[in-house]
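Chemist:
Numbering (UniProt numbering), first residue to last: 1 to 66.
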C-alpha cells in the first residue's frame, strides 16, 4: 500500500487555514515549510495523537477513496 501524503489542500478541505496549520506544526515540532513543498506522511500526523490530525487524515482518505 502506498503511503498517504497529506497536503495543504487536504487541510483546507476540512476548513483549516494556513495560519492554524503552521501553529500546529510549530507546536508539534514539524517542518511547515517542508510540508508546503512536499506534503507530510499521514502516519507522521497521526503520531501526534491530535484530533486535528485524525480529522484531516480521515478526510484525505475519503477524498482518495481509501
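Cβ atoms here follow ideal geometry from the backbone N, Cα and C, with glycine treated the same way. Predicted model, so just to flag it, every value in this text is computed and none were measured.
Could you round the C-beta distance between residue 58 and residue 45 to whole angstroms and report it? I think they count as a contact, below 8 Å.
Modeler: Contact flag wrong, Cβ pair sits at about 11 Å.
Chemist: Should residue 10 go down as buried or exposed, given a rule of 16 or more other Cβ atoms within 10 Å for buried?
Modeler: Buried, because 16 or more other Cβ atoms sit within 10 Å of the Cβ of residue 10.
Chemist: Just list the residues that DSSP pairs residue 41 with in beta bridges.
Modeler: BP columns for residue 41 point to 5.
Chemist: Determine the burial state of residue 1: buried for a count of at least 16 other Cβ atoms within 10 Å of its Cβ, exposed for fewer.
Modeler: Residue confidence for residue 1 is low, a pLDDT of 47 falling below 50, so the modelled location carries little weight and cannot support an answer.
Chemist: With residue 54 as the anchor, note down where its alpha helix (DSSP H) starts and where it stops.
Modeler: First-last of the alpha helix (DSSP H) with residue 54: 51-63.
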